[in-house]
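Q: A single structure is presented below for examination.
Residue numbers (UniProt numbering): 1 to 248.
In structure tokens form, the structure reads like this:
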């Protein structure tokens with residue numbers, strides 16, 4: 001088994017296309033998508049059409065928290081990134097979103113979720129201190145969130161931080177990083193920043209060997225400045241900076 005894991009596209013169709021091209025060049029057909037597909041001041045509509053085509057072929061997708069907001073929140077109550085995406089999406093995209101599961105077990109041995117099994121808005125592998133520092137979550141807390149999951153490979157996104165954590169029983173949790181948003185800030189649970197320091201699109205390639213799952217974290221270059229200029233045109237200087245530099 002060899003497949004790709006993507007997450008947190010956030011409407012960045014150019015980054016998604018670059019990642020899909022890289023996946024194809026590696027000869028990989030199967031893709032799992034960990035959600036947060038559209039939210040952002042970019043190209044939700046084009047991203048949606050690409051994902052619909054992908055799902056018809058070989059993709060498995062779970063719903064992210066921002067995907068849920070697009071379904072559950074009235075447009076005039078959405079935050080700016082979600083509101084921009086909502087205005088671009090067509091009925092076919094919303095129909096696709098409604099069909100996505102919260103979690104999924106794929107091929108018996110791979111567990112998929114956006115953030116954690118019970119909460120789509122909680123960092124699994126990271127914690128935020130009271131003064132806004134984002135660090136690796138203590139091992140015991142990570143393992144507690146994995147309780148009851150039988151699969152030997154667990155995939156999550158949400159934090160946009162590419163990371164691999166091995167549990168004491170040998171299970172792996174992998175966050176492939178973000179395809180389309182290399183940096184952001186947030187005010188929950190307290191104000192904090194997540195910054196990769198680069199403008200590359202991130203994803204993971206995972207192979208099952210006779211010794212277990214072997215994940216490789218990959219990055220792909222694309223025309224990130226075109227997306228940065230689009231974000232600036234759409235009055236989002238925070239996104240423009242993130243897409244240009246990987247910092248906010």
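Ideal placement from N, C-alpha and C gives every residue a C-beta, glycine not left out. From a predicted model like this one, the values you see are computed outputs, not experimental measurements.
I'd like to confirm the pairing. Which residues does DSSP put opposite residue 166 in its beta bridges?
A: Answer by DSSP bridge pairing, in chain order: 172.
Q: Could you give the residue range of the beta strand (DSSP E) that holds residue 186?
A: Where residue 186 is concerned, the enclosing beta strand (DSSP E) stretches over 183-186.
Q: Enumerate in chain order the residues of its own chain whose CB-to-CB distance from residue 60 is below 6 Å, with the five nearest sequence positions on each side excluded.
A: Excluding sequence neighbours, residue 60 sits near 32, 106.
Q: Starting from the C-beta of residue 220, find all residues in its chain whose C-beta is less than 7 Å away, skip the five residues before and the five after it, and write them out in chain order.
A: Excluding positions up to five away in sequence, the list reads 18, 19, 22, 200, 201.
Q: Count the other CB atoms, across all protein chains shown, that sit within 10 Å of the CB of residue 53; report buried if there are 16 or more and exposed otherwise.
A: The residue in question, residue 53, is exposed, as its Cβ has fewer than 16 Cβ neighbours within 10 Å.
Q: For residue 116, which residues in the same chain have their Cβ closer than 6 Å to its Cβ, ignoring the five residues on either side in sequence?
A: Closer than 6 Å at the Cβ level, and outside the excluded window around residue 116, lie 122, 124, 145.
Q: Less than 8 Å between the CB atoms is what I'm expecting for residue 176 and residue 246, so what's the real figure, rounded?
A: At roughly 16 Å, the Cβ-Cβ gap does not stay under 8 Å, so residue 176 and residue 246 are not in contact.
Q: At which residues does the beta strand (DSSP E) containing residue 103 begin and terminate?
A: Where residue 103 is concerned, the enclosing beta strand (DSSP E) stretches over 103-106.
Q: Can you have a look at residue 74 and say buried or exposed, based on whether 16 or more other CB atoms are within 10 angstroms of its CB?
A: The residue in question, residue 74, is exposed, as its Cβ has fewer than 16 Cβ neighbours within 10 Å.
Q: Evaluate contact between the segment 232-240 and the segment 31-45, counting only Cβ atoms and requiring at least three cross-stretch pairs below 8 Å.
A: Yes: the two stretches touch, three or more of their Cβ pairs being nearer than 8 Å.
Q: Does residue 69 come out as helix, strand or coil in the three-state DSSP assignment?
A: DSSP places residue 69 in helix when its eight states are reduced to three.
Q: Output the residue ranges of the beta strand (DSSP E) runs that lie fully inside the segment 132-165 and measure 3 residues or longer, sorted by chain position.
A: Taking only runs of at least 3 residues, the beta strand (DSSP E) segments lying wholly in the segment 132-165 are 134-136, 153-155.
Q: Can you give the beta carbon distance from residue 178 to residue 160, rounded, assuming they're within the 8 Å contact cut?
A: Confirmed, Cβ separation roughly 4 Å.
Q: To test your reading of the DSSP string, which unbroken beta strand (DSSP E) runs of 3 or more residues are found completely within the segment 200-227?
A: Within the segment 200-227, the complete beta strand (DSSP E) runs of at least 3 residues are 201-209, 212-220.
Q: Using CA coordinates, which residue listed in 131, 47, 169, 81 is at the minimum distance from residue 258?
A: An answer regarding residue 258 cannot be provided, because it is not within the stretch 1 to 248 covered by the chain.
Q: Which residues does DSSP pair with residue 33 in a beta bridge?
A: BP columns for residue 33 point to 6, 61.
Q: Determine the direct distance from the alpha carbon of residue 169 to that of residue 45, and round the result to whole angstroms.
A: Taking the straight line from one Cα to the other gives about 42 Å.
Q: Could you check where the beta strand (DSSP E) with residue 127 kicks off and where it finishes?
A: That run of the beta strand (DSSP E) goes 126-128.
Q: Tell me whether residue 192 sits in a helix, a strand or coil according to DSSP, three-state version.
A: Correct three-state label for residue 192: strand.
Q: Tell me the residue span of the alpha helix (DSSP H) that contains residue 19.
A: Run containing residue 19: 13-25, per the alpha helix (DSSP H) assignment.
Q: Between the segment 93-107 and the segment 127-143, can you find at least three pairs of beta-carbon atoms closer than 8 Å?
A: Segments in contact, no.
Q: Measuring alpha carbon to alpha carbon, tell me which of 70, 72, 37, 210 ends up nearest residue 55.
A: The residue with the shortest Cα to Cα distance from residue 55 is 37.
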